[in-house]
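Below is one structure; the comments refer to it alone.
Protein chains: 2
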Amino acid sequence: MTDTTQQAPGRARRAPSMADVAAHAGVSSQTVSRVANGLTNVDDGTRDRVLESMTELGYRPNKAARALRSGRTRSIGITMFTLSSYGNMRTLDAITVQAARAGYSVTVVPVEYPTQRDVAVALDRLREQDVDGLIIVIESHIVDGADVELPVGLPVVVIDSATRTDYPVVDNDQAQGAALATQHLLELGHSGVWHIAGPRTSYSAARREQSWGDTLRAAGITPPPVFRGDWSTASGYEIGLQIAERPEITAVFASNDQMALGLLRALHERGRAVPASISVVGFDDMPESDSFWPPLTTVHQDFDEIGRRAITTLLREIEEGPSLSTQPLTPTRLVVRASTAPPPAR
Amino acid sequence: MTDTTQQAPGRARRAPSMADVAAHAGVSSQTVSRVANGLTNVDDGTRDRVLESMTELGYRPNKAARALRSGRTRSIGITMFTLSSYGNMRTLDAITVQAARAGYSVTVVPVEYPTQRDVAVALDRLREQDVDGLIIVIESHIVDGADVELPVGLPVVVIDSATRTDYPVVDNDQAQGAALATQHLLELGHSGVWHIAGPRTSYSAARREQSWGDTLRAAGITPPPVFRGDWSTASGYEIGLQIAERPEITAVFASNDQMALGLLRALHERGRAVPASISVVGFDDMPESDSFWPPLTTVHQDFDEIGRRAITTLLREIEEGPSLSTQPLTPTRLVVRASTAPPPAR
DNA sequence: ATCGACGATGTTTACGTCAACATCTGCTCG
DNA sequence: CGAGCAGATGTTGACGTAAACATCGTCGAT
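Chains as they are written, first to last, in my numbering: chain A, 1 to 346; chain B, 1 to 346.
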């Protein structure tokens, strides 16, 4: 029978405020504030009494009031295209976990279509949320567009992007990964490596493609024309049907695991044995990849690390002001499984 | 030179408030408020002048102040286990998109480990966010636990859960899907259907398992003991190695696509042809499933629809108060591909 | 013993918005 | 031609918190 507040019909009762706790504990609300914020200059006895009252009344600090007063919300915003890509999802997962550990909450605003307008709308929405910082997981060429106005004075970290130099960028080292994949195939003795690239809109795809070409050229090989997919298994499959007909192709580096999977399917259907007749390397290392048939050799990206570093960097910016420290890219590593082998003897 | 505010060094200048706009437009801040909220009792000329000032100063309403004043934040919270399951991810994606369309933002709080303590912490955190409503995507037996105190008076929608009847539940019809899968195998002529179940902690897994058994019994068949996995491809693979050794098993219904994939791999390795020697059906219909080898027959779940209905239901609760309308489950459908066939002739 | 410093606690006020109420203008109607 | 009314606009205060400042008591140094 400690509850003396009124319960409006069908409505939540008003949450207890600092004033309620203060009255209950017989102190001023400022003392409650001090306890709530863990300041040290409070007598132990008083503190205990306040804490007890808090528990009894079920007090929770009101975030809106706190935000209004302090201008800080302890929440960060993140905007990205469809969550339905393996990398984005893993990154988001890592970010929410890390943010929670640091006491921040995460507001997600999706961008439905990769247009400047939609991105602008998303950023606008985020700005209204009064977030303390922003993580943007969007291709830079769209973010850079004229219609997109980045929030002024708001800490920002960019993932999977590049050209803007005024924000810290956190990302996997796409170039290093692609080089790893290409090099692996060359070392197995393949005289050429074909490439299934990602869509033109993707900066990651461009970097992998560039690095694949560079690696070949460094080995004295002229890169063949790329096949271009759109990340989907379906596009990998379509391209795979073409590749299957060309016996001179003995090694393919696909820009993600899903396209590699589509490729594997096409090769199965057309009777090209993997890896006996043709080797395949992917990129991402999805948890499913080790159960593809054959288990896929691929480049592992550490998305947990990306999320961790994005949060670390952003929180440092929020708490210590803008810094211009350049972030090193996170290295990837090659996971060799059963889809690669030396080229068939001729 | 309209900017008279001071720029603190290295800090964002204070965002313009209604008072700033009011001063600029030569009206009272209340009039600005009326314009901002689209009230009609404002002179057209005045309105235009205010809107112009807003644009010029780059005014955005302060969400914290608005929330403090009105008690509504136009944001909803969602908590779920690891985002890294296909279903959770797709659901979250759909929810963020739908929420954005309705003008709500979404705060995601992850639950790192499926313990009551972690769930309680997550809900606590969400309550502090002053969200207007909550979507919980967590197994009900944990939510129901004694340590978990659900927010009082806050609209809640539950996904992938069950036993509590005091909140609306939105979900796919797991039972119907499992029946579809089992029935399909029986109709192909298999005399028994084995099952790779999901973990005991999962309510979805339990429902699929139950329905599989019921369907067999309805056909006069005693269900064999289940194999129990943990949703991962690795567990499917381990179980698959056992199944491969038992020629009497000619039909397997796996509780998700990933375990089905692991199973396929084990069967390949042990030389059991799919579907000639053994048929496999999955559950989920991941976008990759049509490129498994062979392309996987599976049960398609409509996660977009789940997200849509979760938001619709929650917003109705928020805006019109609690309703006790029972939600029909969303039907699933069987997608027949190449991993199922009649049993081998003996 | 006295003064000052410091620690604990209380009081006041501002953050930005919006509901409620107050005021003012111009116009209609008898 | 004045009372009354409607619509436009202004003023005040409250939401819950925390910074800034004020007050009070205690204890140590001289």
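Virtual Cβ for every residue (Gly too), placed ideally from N, Cα, C. Bear in mind that the values here come from a model prediction, so they are computed numbers and not experimental data.
- At least 9 Å separates the CB of residue 194 of chain B from every CB of chain A.
- Looking at the DSSP output, residue 142 of chain A sits in no beta bridge, so it has no partner there.
- Pairing residue 258 of chain A with residue 149 of chain B gives a Cβ-Cβ distance that is not under 9 Å.
- With distances taken between CA atoms, residue 254 of chain A lies nearest to A/239 out of A/246, A/268, A/247, A/239.
- Distances from the alpha-carbon of residue 232 of chain A to those of B/156, B/286, B/136 put B/286 closest.
- When DSSP reads this structure, residue 194 of chain B sits in a beta bridge with B/252.
- Taking 8 Å as the upper bound on Cβ-Cβ separation, chain A lies near residues 68, 73, 75, 82, 83, 84, 89, 90, 92, 93, 96, 97, 100 of the stretch 68-101 of chain B.
- Within the stretch 256-276 of chain B, 258, 261, 262, 264, 265, 268 place their CB atoms closer than 8 Å to a CB of chain A, listed in sequence order.
- DSSP, reduced to helix, strand and coil, places residue 207 of chain A within a helical segment of the structure shown.
- Judged by DSSP secondary structure, residue 21 of chain A falls within the alpha helix (DSSP H) whose first and last residues are 18-25.
- A Cβ of chain B is located within less than 9 Å of the beta carbon of residue 288 of chain A.
- Spatial neighbours of residue 138 of chain B in its own chain (CB-CB distance under 7 Å, excluding positions within 5 residues in sequence) are listed in chain order as 79, 80, 81, 111, 119, 161.
- Using a CB distance cut-off of 9 Å, residue 316 of chain A does not count as an interface residue toward chain B.
- Non-local C-beta neighbours of residue 282 of chain B in its own chain, meaning closer than 6 Å and more than five positions away in sequence, comprise 254, 257, 260, 296, 298, ordered along the chain.
- Residue pairing for residue 107 of chain B: DSSP places it in a beta bridge opposite A/107, B/77.
- Within the DSSP bridge table, the entry for residue 282 of chain A names A/298 as partners.
- Closer than 9 Å to the CB of residue 210 of chain A there is not a single CB belonging to chain B.
- Taking a C-beta distance under 9 Å as the contact criterion, residue 76 of chain B and residue 134 of chain B qualify as a contact pair.
- In its chain, beyond the 5 residues on either side, 281, 297, 334, 336, 340 have a beta carbon closer than 8 Å to the beta carbon of residue 184 of chain A.
- Among the residues facing chain B, residue 21 of chain A is not included, as its CB has no counterpart in that chain under 9 Å away.
- For the options B/108, B/210, B/57, the alpha carbon positioned closest to that of residue 99 of chain A is the one of B/108.
- Contact of residue 110 of chain B with chain A by beta-carbon distance below 8 Å involves 93, 96, 97, 100.
- Residue 208 of chain B and residue 242 of chain B do not touch by the CB rule: their CB atoms are close to 20 Å apart, not below 8 Å.
- With distances taken between CA atoms, residue 311 of chain B lies nearest to B/106 out of B/106, B/54, B/153.
- Straight across, the Cα-Cα distance linking residue 191 of chain A with residue 195 of chain B is about 47 Å.
- Per the coordinates, the alpha-carbon of residue 308 of chain B lies some 6 Å from the alpha-carbon of residue 95 of chain B.
- At least 9 Å separates the beta-carbon of residue 172 of chain A from that of residue 290 of chain A.
- No Cβ-Cβ contact shorter than 9 Å links residue 237 of chain B with residue 271 of chain B.
- Scanning its chain for C-beta atoms nearer than 6 Å, with the 5 sequence neighbours on each side dropped, one finds around residue 227 of chain A the residues 196, 239, in chain order.
- Within chain A, no C-beta atom comes less than 8 Å from the C-beta of residue 319 of chain B; the nearest is roughly 13 Å away.
- Shown here for residue 19 of chain A: same chain residues with a beta carbon closer than 6 Å to its own, the five before and five after excluded, namely 29 in chain order.
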